[in-house]
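These notes are about the structure you will find just below.
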Amino acid sequence: DWVMGDYIAEAVENIRKQVGDDEVILGLSGGVDSSVAAALIHRAIGDQLTCVFVDHGLLRLNEGDMVMEMFARNLGVKVIRVDAKDTFMGQLAGASDPEAKRKIIGKEFVEIFQTESGKIENAKWLAQGTIYPDVIESAGKGKKGAHTIKSHHNVGGLPEDMHLKLLEPLRELFKDEVRELGVALGLPREMVYRHPFPGPGLGVRILGEVKAEFANLLQRADAIFIEELRNTIDEASQKSWYDLTSQAFAVFLPVKSVGVMGDGRTYEYVVALRAVQTQDFMTAHWAHLPHELLGKVSNRIINEVRGINRVVYDISGKPPATIEWE
Ligand code: XMP
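Take the sequence shown: its position 126, counted from the start at 1, is 116 in the working numbering, and no numbers get skipped.
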């Protein structure tokens, strides 16, 4: 609409004025905020923007290819894809504590991002998809003296010794506005209205020690769950169950249970499905998904993902449980 058109024109003008002829780098995570920031900055300064996309191997199925397809191919944005799967798996080996895993992932991410962005000559600016609620949240920190339940460091955090100026064109926007902006900039609606995904990714959805084999099983189970949620329309609201839930995902439980297949006995891993409805993610209800939907997802996962022979549904609210399992 015209209001958004005006907004974009003004934002583009501001970015051009701020940046001049300098080069800008941006850490692309595949999330909504960094994606919209990239699209907006690219609109303003084109090839003066270089995005660095660190693939830690703990993303959703095919996420890396999708990011490249959307930005590099469709929008013509310069994106450096760093395949750091092996590095992350190596660093995570032996770590099973949730906070320890978050720290390892966050630290490794920053190091790789710094190394890669250090190769970009003349970069003077670091762009980030900081949005208004992030600004408020960090201003409030300390004041409340809040104890950390989970260290939510977004893995795109600013390494302070990089000597780059910050470019944060979404600082005044709420999430809904960021989404509208993303659509207006040509990002696919499906991408812009995606459920949030934690920075440490599947690293906190594989309970305990992270292994490549577990990540592979989990990615496939999760993709089936999401596909069925998108494809199942609730009659009353005419919305998909994906849109009726705030966040939904599969969790890998590294325990084996007994099953039967044909004449044989199986002894394989368990996947838990989690789907919640919430306004602010501080409290949440488990989603009352239709039993037929749950049944279909369970059958598909067990039939299609060899290595999983049992699927359970998480019916815990937050509090006392959290949305993620770690
Ligand atoms: P919990 O599990 O604390 O999650 O109820 C609330 C919201 O925060 C997300 N989350 C994270 N996001 N880094 C992130 O960027 C993290 O370490 C992290 N841990 C949880 C979670 O997905 C949910 O949306």
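In this text, a Cβ means the ideal position worked out from N, Cα and C, and glycines have one as well. All values reported here derive from a predicted model rather than from experimental measurement.
Annotated as proximal: Phe43 and Arg71, with beta-carbon spacing under 8 Å. Asp124: member of the alpha helix (DSSP H) spanning Tyr122 to Gly130, first to last residue.
Contact check between the region 17 to 26 and the region 38 to 57: three or more CB pairs, one atom from each, fall below 8 Å, which counts as touching.
The alpha-carbon of Ile216 is positioned some 12 Å away from that of Ile291. Excluding the 5 residues flanking it on each side, Val200 has same chain C-beta neighbours closer than 6 Å at Leu82 and Gly193, in chain order.
With respect to the C-alpha of Asp270, the residue from Ile5, Asp166 and Thr120 having the closest C-alpha is Asp166.
With a cut-off of 7 Å, the C-beta of Val287 is classified as distant from the ligand XMP, since no heavy atom of the ligand falls inside that distance. Shortest gap from the CB of Ile313 to any heavy atom of the ligand XMP: under 7 Å. DSSP assignment within the region -3 to 41 yields the following whole beta strand (DSSP E) runs of 3 residues or more, N-terminal first: 13 to 18. Distance between Met56 and Val173, taken at the CA atoms: about 17 Å. Annotation for Trp231: the continuous alpha helix (DSSP H) segment containing it runs Trp231 to Leu234. The Cβ atoms of Lys68 and Thr105 lie no closer than 8 Å to each other. The ligand XMP has a heavy atom closer than 7 Å to the beta-carbon of Val194. Contact between Val248 and Ala262 does not hold, since the beta-carbon distance rounds to 17 Å and is not under 8 Å. From the listed residues Arg264, Arg300 and Lys246, the smallest Cα separation to Tyr232 is found for Arg264. With 16 or more other Cβ atoms inside 10 Å of its own Cβ, Phe99 counts as buried. In its chain, beyond the 5 residues on either side, Ile5, Val14, Leu16, Leu39, Ala117, Leu157 and Pro159 have a beta carbon closer than 8 Å to the beta carbon of Ile31. The beta-carbon distance between Ala29 and Gly130, rounded to whole angstroms, is 29 Å. This is too long to meet the 8 Å contact definition. By the Cβ neighbour-count rule, Pro178 is exposed, with fewer than 16 other Cβ atoms within 10 Å of its own. Contact annotation, Ala34 with Val2: C-beta distance approximately 4 Å; criterion of less than 8 Å satisfied.
In terms of Cα proximity to Pro310, the closest of Asn293, Lys286, Gly297 and Ala274 is Ala274.
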